[in-house]
Amino acid sequence: MTLNRRDFIGASGAFAALATLPGTQVLAQSATDLTIAYNIPVQAWDPTIGQVAVNPVLQAIYLAVYDRYIAQNPDLSFGPGLLTDWGFSEDRSTVTMTVREGVKWQNGDPMTPADIVWSLERAANPETGNPISFVWEKIGNYRVDGQTITADVLSFEPALFKWMAFLTGFVLPKDYYESVGADGFEAAPIGTGPYMVDAFERGAFVRLKANPHYWGEAPGFETVTIKFVTDVTSRVAEIESGNADVTLNIPYEEYDRLIAKPGLTGVAIPITDIGMIFLNDIEVMTDRNVRLAAHHAIDKQLIIDRLLRGYGVPISTLEAPGYAAYDPSITVAYDPELSVKLLADSGYDTDNPVRFKIQTTRGFKPKDYEMVQAIVGMWRKVGIEAEIEVYDIAKHFDLRAADELAPAAFYNWGNAIGDPSTSTGYAMFGPSPHSVWDSQDVIDAIGPLFGETDEDARIEGYKAASRLIAQEGYVIPLLQYVMPIVYRDTLDLTPYTSGDLLPQQIRPKA
Amino acid sequence: MLLRSIISRLIAVAITLFGVAVVVFTLIRVAPGNPIAMMLPPGATAADIARLEALYGFDKSLPEQFVIWLKAVAQGDFGTSIIMRQPVAELVLERLPATLELALMALLLAVALGGLGAVVGARFRGRSPELGVDLGVGVGLSVPDFLWGLLLILLFGVLWPVLQISGRVDPRLAVDLSTNFYIIEGLLRGQWRLVQDVLAHMLMPALALSLPLAAMIAQVLKQSLKAELHLDYTQLARVRGLSETRVIVSEALRNAALPTLTLIGVQFTFLIGGTVIVERLFAYEGLGNMAIEAVINRDLPLIQGIVLLFALLFIVINLAVDLTYGLLNPRLRHG
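Chains A and B are the protein sequences, given in the same order.
When we follow this note's numbering, the leftmost residue of the first sequence carries the number 90, and every step to the right adds one.
When we follow this note's numbering, the leftmost residue of the second sequence carries the number 259, and every step to the right adds one.
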């Protein structure tokens, strides 16, 4: 084969023309379509089983398609979902739930109390692979009377109804699921939510279509395309180029730059995700002076200002503002002089520093590694020499479950329902696989609260536990994260403190 | 003789794949991080962990797990993905065409760009165009593919937004094909709009992957061409009145191409490996992107399936290169 000059020029011209053909560049938003560049791909459509069920970032997409038993408002409060009324009996022996009337599945079939009971019983069956089955199995023996469901409390769980607005708390269609099976449901999932799945390309996108049967306010767009763009640079490029209308979870520098551009705006609110340093009760961390010195030596506000461009809220306990057991009176001040004194009491100073290892992820959360570097620098000034070990998040989970974390380990803890049991409770209760602090005083303080039937006493109990933990320095809470969302200024967007970016809460500006 | 050679190659393939299976199975289980720990919600107890481990078969010893897995693989069952809850073989084969099309496109671009650079460099040897080619080669070799990707996103995604940044096809396009080879089947079925859209999505990742390889091809091929241009047969061609360009393209290129072919064969396997990062950057739904998701989520059956497939691909490509080289090189063909 020979290639003459004319052929070559022709081929080059065709190649160049490809990029300019009409339709190659498509601007995202129209009056009826919305495109979101999302940071995590949906891997499976049953939101009640497997790993996807406990991935907090995926919940927003599931919430577009399915409804939970109980809904959550933007400020973390709870409201009617598919249940309009719910509660424990006075003696905590039964629960009563009233099912919303007039709700239809996306295939047009009516949603009934039988669907609610089936969903709860299925969730409680560990054979299905529901990772939260230990919560759902705490009620059983369901009775249905009209729209009212009554069930026996088999084991009291104070946060039961909060879990109904949390992980795996979704209602699925009994008859449809049983007729199509698990594989059929994965291929064609249906829920009662405002949008239904129109097309799904695994790893690439999901196209949602407005649900004509939706029981609530009609969603703002006819179609919503959610593109799974895991790389942050590409997400920034997507919104900047006009290929997407909304994106989230981008570096704060990019957030500030993008919202200054014409046509774009943004919102950045504190969410239920905190940065913290787990302390393990091993080696030097058994010394109270060392723990407290490590905490007092950290200037959290400086870290937020310098590394996170001011996007963050310093915290002193694992209960962030807005959580049910948040107590603003519990503070651990930045006081490096106190740190020096505490360390001196234990025989340490800058010439003879206390040494331990701190583990951290790198790039899993915004500036995680840089934060730990800054903290290590602050520690060095008071007489703490910490060696940084970088690990990935999977290793963190593994080590934490085995109680083998280093003396200090950076992590982020999400708590979308703001209940103290799902933050301070499981993070600090020694026997929990999530906790690496095993001292008896904390076990005694938290243990009884898991079964406390008096809600006020339970919340007060957690506040007391938080105070004890702060006074003894059993953990180092650092900051409440802020979620940056960038979107076109032709849109109205309601941010959720839970961190969920709900497609149904994005509407064309009136 | 040929049959014996083929049989011995096939035995070697089987042994290699078994070795890969053993190494992968062991490494990903010994490495810290297990899928059960990844799915533990607040409130889970040791009993809940044990229950989940039993559900996913991680409660058995490593050798037991390996034997169970190997028996299933021998029957074509690569297990079920933990995160996607679909058969691994199905998932992997679903994504393979996307990666193959991307890699082939990158290879075509690399050969075209590298070949052009080599011809230009050889044609204008010792002059400024060759210097330009050498400069391009230096830049191409020193910048890794993912950095090219970032640069291309900035150029053709943001500053002059003519190409698509992410994905493989516009979500609004209805894709009605029987295979996932969008370009090949789209061309065969005359679905030009689809092919155009897929190309608009694929050009940037393919170009990012191709540039380092193009630089290598340009460098090696140019040197080979320059060597050939001093030989008698090219001198004779000049005496016959052929232009210098004609001498290079018609006479020298075929002989100079052999070392480049070997290079391409070896580098193509690296190019497929490179798709992992580039696919991630461009949210391209290929095998590489799925591999990263599998690793992040410690989806052990899926990791095993993908690695085995990659290993098989590498072996097949190397085999194909060996055979092609044998066919093209007369000394090997008649040896």
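Positions of the beta carbon are idealized from the N, C-alpha and C atoms, including for glycine.
Anything in chain B within Cβ reach of I221 of chain A, meaning under 7 angstroms, just list it in chain order.
In chain order: P299.
Could you check whether V391 of chain B and G379 of chain B sit closer than 7 angstroms to each other, using their CB atoms as the reference points?
In this structure, V391 of chain B lies closer than 7 angstroms to G379 of chain B by Cβ.
Roughly how many angstroms separate the alpha carbons of I530 of chain B and L368 of chain A, rounded to a whole number?
Their backbone Cα atoms lie some 43 angstroms apart in a straight line.
With burial defined as no fewer than 16 other Cβ atoms inside 10 Å of the residue's Cβ, what is the status of H488 of chain B: buried or exposed?
Exposed, by the Cβ-count rule.
Compare the C-alpha of G170 of chain A against each of A:S244, A:A203, A:M253, A:T183 and name the closest.
Of the listed residues, the one whose Cα sits closest to G170 of chain A is A:M253.
To be precise: take each residue of the region 291–317 of chain A, compare its Cβ to all Cβ atoms of chain B, and keep it if any distance is under 9 angstroms. Which residues remain?
Under the 9 angstroms Cβ criterion, the region 291–317 of chain A contributes R291, G292, A293, F294, V295, R296, T312, T314, I315, K316, F317.
Buried or exposed: where does D234 of chain A fall if 16 or more other Cβ atoms within 10 Å of its Cβ makes it buried?
Label assigned to D234 of chain A: exposed.
If the cut is a Cβ gap below 7 angstroms, which residues of chain B does S244 of chain A touch?
Those do not exist, as S244 of chain A stays about 12 angstroms from chain B at its closest Cβ, beyond 7 angstroms.
Note down, one range per segment and in chain order, each alpha helix (DSSP H) of at least 4 residues found wholly within the region 504–565 of chain A.
Runs of the alpha helix (DSSP H) inside the region 504–565 of chain A: 513–517, 529–535, 544–561.
Which value, in whole angstroms, describes the spacing of the CA atoms of D135 of chain A and G394 of chain B?
Taking the straight line joining both Cα atoms gives about 51 angstroms.
By the 10 Å Cβ neighbour count, where 16 or more other Cβ atoms means buried, how is F310 of chain A classified, buried or exposed?
Buried is the call here.
Could you have a look at L107 of chain A and say whether DSSP puts it in helix, strand or coil?
Its pLDDT being 45, under 50, L107 of chain A is placed unreliably by the model, and nothing is read from it.
Less than 7 angstroms separating the beta-carbons of P442 of chain A and E474 of chain A?
Yes.
With 7 angstroms set as the bound, which would you pick, yes or no: does the beta-carbon of R343 of chain B sit closer than that to a beta-carbon of chain A?
Yes, its Cβ sits closer than 7 angstroms to a Cβ of chain A.
Counting only runs that start and end within the region 465–508 of chain A, where is the alpha helix (DSSP H) found for 4 or more residues in a row?
List check, alpha helix (DSSP H) in window: 482–490.
Here's a check: name, in chain order, each residue in its chain whose Cβ is nearer than 7 angstroms to the Cβ of E372 of chain A, leaving out the five neighbours to either side.
Only F445, P496 meet the Cβ criterion.
With three or more C-beta pairs closer than 8 angstroms as the rule, is the region 558–568 of chain B touching the region 332–342 of chain A?
No, because fewer than three Cβ pairs between the region 332–342 of chain A and the region 558–568 of chain B fall closer than 8 angstroms, the two stretches do not touch.
Quick check on the DSSP output: the alpha helix (DSSP H) that includes E327 of chain A runs from which residue to which?
Here the alpha helix (DSSP H) through E327 of chain A covers 321–330.
Is any heavy atom in the ligand SAH found nearer than 6 angstroms to the beta carbon of G514 of chain A?
As far as ligands go, the structure on display features none, and thus does not contain the ligand SAH.
Please check if any C-beta of chain A sits within less than 7 angstroms of the C-beta of S424 of chain B.
By this cut-off, S424 of chain B is an interface position.
When the Cβ atoms of the region 198–206 of chain A are set against those of the region 285–300 of chain A, are three or more pairs found closer than 8 angstroms?
Contact fails: fewer than three Cβ-Cβ distances are below 8 angstroms.
What does the alpha-carbon distance come out to for the pair P377 of chain B and K480 of chain B?
Residue identity differs from the one stated: residue 377 of chain B is Val in this sequence, not Pro. Approximately 7 angstroms, taken between the alpha carbons.
Nearest CA to the CA of Y415 of chain A: which residue from A:G280, A:Y231, A:E549, A:V154?
Minimum Cα distance to Y415 of chain A is reached at A:E549.
Please give me, in chain order, every unbroken run of the beta strand (DSSP E) with length at least 3 that falls completely inside the region 166–222 of chain A.
167–169, 172–177, 183–188, all fully within the region 166–222 of chain A.
What's the gap between the Cα of G540 of chain A and the Cα of P247 of chain A?
For G540 of chain A and P247 of chain A, the distance between alpha carbons rounds to 7 angstroms.
Give every residue of the same chain whose Cβ lies closer than 6 angstroms to the Cβ of G444 of chain B, excluding the five residues on either side of it in the sequence, and list them in chain order.
If we look at G444 of chain B and ignore the five residues flanking it on each side, its Cβ neighbours are L452, V453.
From F486 of chain A to W468 of chain A, what distance separates their C-alpha atoms?
Their Cα atoms are separated by approximately 26 angstroms.
Taking all protein chains shown into account, do 16 or more other C-beta atoms lie within 10 angstroms of the C-beta of D581 of chain A, making it buried, or fewer, making it exposed?
Flag for D581 of chain A reads exposed.
Measure the Cβ-Cβ separation of P509 of chain A and Y551 of chain A and say whether it is below 7 angstroms.
Cβ distance < 7 angstroms, so P509 of chain A and Y551 of chain A count as in contact.
State the Cα-Cα distance for the pair A546 of chain A and L538 of chain A, rounded to the nearest angstrom.
One C-alpha to the other measures close to 8 angstroms.
Leaving out five residues on either side along the sequence, give the residues of the same chain with a beta carbon under 7 angstroms from the beta carbon of A534 of chain A.
Only A553, A554, L557 meet the Cβ criterion.
Could you say if the region 565–573 of chain A and the region 348–367 of chain A meet the contact criterion of at least three C-beta pairs nearer than 8 angstroms?
Output reads yes: the region 348–367 of chain A touches the region 565–573 of chain A.
When burial is assigned at 16 or more other CB atoms within 10 Å of the CB, is L417 of chain B buried or exposed?
It is exposed - the Cβ of L417 of chain B has fewer than 16 other Cβ atoms within 10 Å.
Does the structure place the region 296–306 of chain A close enough to the region 319–332 of chain A that three or more beta carbon pairs sit under 8 angstroms?
These segments do not touch.
Is it buried or exposed for W225 of chain A, if we count other Cβ within 10 angstroms and need 16 for buried?
Per the 10 Å Cβ criterion, buried.
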